[in-house]
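Protein chains in written order, with the numbering used here: chain B, 1 to 143; chain G, 144 to 281.
Beta carbons are placed, not taken as given, at the ideal position from N, Cα and C, and that holds for glycine.
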C-alpha cells in the first residue's frame, strides 16, 4: 500500500495522508486508498497536496471518492502532473465558493460516504517512482 | 424547539445548529443566542439538507436582536433544496485583505442571536443542520 494515514503529530483538524509513487510497469495503477476514517458521512471542505519529492517520470495523479477501493476516480483531482519541481503545494479542492452556492464538484468540495474510499491513482503510462507527498484534508462530519 | 444547538458528537470546532421546520407560514422559526457571550467573527458556514420542506418555504438566516428577521447569512434560501445537498453559507470567495463582511463573514455580537425566519410558506417536514465556525474576538 503506497497510501496511508499519517501518524505524525496532530494536525489540529486536518487529516494527513502519506502518498508514495510506485514502479508498476506501465504506470497506470492504483497508488492506494483510504477508507472513510470516521464511519459517518463527511463533507470535504478543503484539501492541499504537499509534494516533497517529484515523480521521476511524467506520472499524473487522480484523486476521488468511490465506493470501490482502488478505483480511478477524478472528482477531486484529475491528471495532476506530479513531476513538477518539489517542494510545492497545490490546492486540490475547496476555497473559492460564494455564499449560497452548492458545495459540489471537485473544486468546491465533495462528500465522502461513510463506507467509501478516497482513491489515489496514476492514470498516466509513466511510472510514478520517487514521488512522495502528503495530502491534507479538512472535513465536516455530517452526522 | 425548532432551532437548537445540536448535542451530537463533537465537531472539532464547529457549532452545529439543528433546524426543524414548522407550521409557521411567515415569521420567526427559531433563534440561537451567542453561545460564548463575547464578540465572535463567523468565518465559515455550511448548510446540510437532511429532509426538504414539504412546501416551497424560504428562510432568512442572519445575526440580529431577538426575533428580528435577518438575512446576513442566507437570504430567501430555498428550503425545498434536495435532501443530501450541502450549501455554502459564508462565502470563501474572499481575497487577501478583503473585508470579511456579509456574505463572506459576519460579526456575532455577544448578546445577539442567529435568527431563522420563514418568508411565506410553512416549512413542515424540513430537517437541516447549520454548521458555523467562528473566531472569538475576545
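With contacts defined as CB atoms closer than 9 Å, residue 251/G and residue 206/G qualify as a contacting pair. Per DSSP, residue 158/G is one residue of the beta strand (DSSP E) stretching across 157 to 163. Against chain G, the CB of residue 111/B has a partner CB under 9 Å away; the residue lies at that interface.
Within 10 angstroms of the beta-carbon of residue 49/B lie 16 or more other beta-carbons, which makes it buried. In the pairwise beta carbon analysis, the stretch 78 to 92 of chain B is classified as touching the stretch 60 to 70 of chain B: at least three pairs are separated by under 8 Å. Against chain B, a Cβ distance below 8 Å from residue 217/G picks out 99 and 100. DSSP, reduced to helix, strand and coil, places residue 107/B within a helical segment of the structure shown. Annotation: residue 107/B has no Cβ neighbours in chain G at a cutoff of 7 Å; minimum Cβ distance is about 12 Å. Judged by DSSP in its simplified three-state form, residue 180/G adopts coil rather than helix or strand.
Between residue 99/B and residue 231/G, the C-beta gap is smaller than 9 Å, which places the two residues in contact. Inclusion of residue 160/G and residue 274/G in the CB contact set at 9 Å is warranted, their separation being smaller than that value.
Cβ-Cβ separation between residue 279/G and residue 189/G: approximately 20 Å, too far for a contact (criterion under 8 Å). Rounded to the nearest whole angstrom, the CA to CA distance from residue 38/B to residue 14/B is 13 Å. With respect to the C-alpha of residue 54/B, the residue from 36/B, 128/B and 103/B having the closest C-alpha is 128/B.
Within its own chain, the residues whose Cβ lies closer than 8 Å to the Cβ of residue 236/G, once the five positions on either side in sequence are excluded, are 247, listed in chain order. For residue 26/B, not one C-beta of chain G is nearer than 9 Å to its own C-beta. Residues of the stretch 11 to 23 of chain B with a Cβ closer than 8 Å to any Cβ of chain G, in chain order: 13. The distance from the Cβ of residue 173/G to that of residue 259/G is about 5 Å, consistent with a contact at the 8 Å cut-off. Residue 262/G and residue 249/G have their C-alpha atoms some 22 Å from each other. Between residue 120/B and residue 33/B, the gap from beta carbon to beta carbon is short of 9 Å. DSSP links residue 66/B through a beta bridge to 117/B.
Residues of chain B with a Cβ closer than 8 Å to the Cβ of residue 229/G are, in chain order, 43, 102, 103, 104, 109, 111 and 142. At a cut-off of 9 Å between C-beta atoms, residue 145/G does not count as an interface residue with respect to chain B. When the five nearest sequence neighbours on each side are left out, the beta carbons in the same chain lying within less than 6 Å of the beta carbon of residue 93/B are those of 47, 76, 106, 107 and 109, in order along the chain. Counting along the chain, residue 278/G sits inside the beta strand (DSSP E) bounded by residues 270 to 279. Listed in chain order, the positions of the stretch 76 to 101 of chain B with a beta carbon within less than 7 Å of a beta carbon of chain G are 95, 96, 97, 98, 99, 100 and 101.
From the beta-carbon of residue 220/G, the residues of chain B found nearer than 7 Å are 100.
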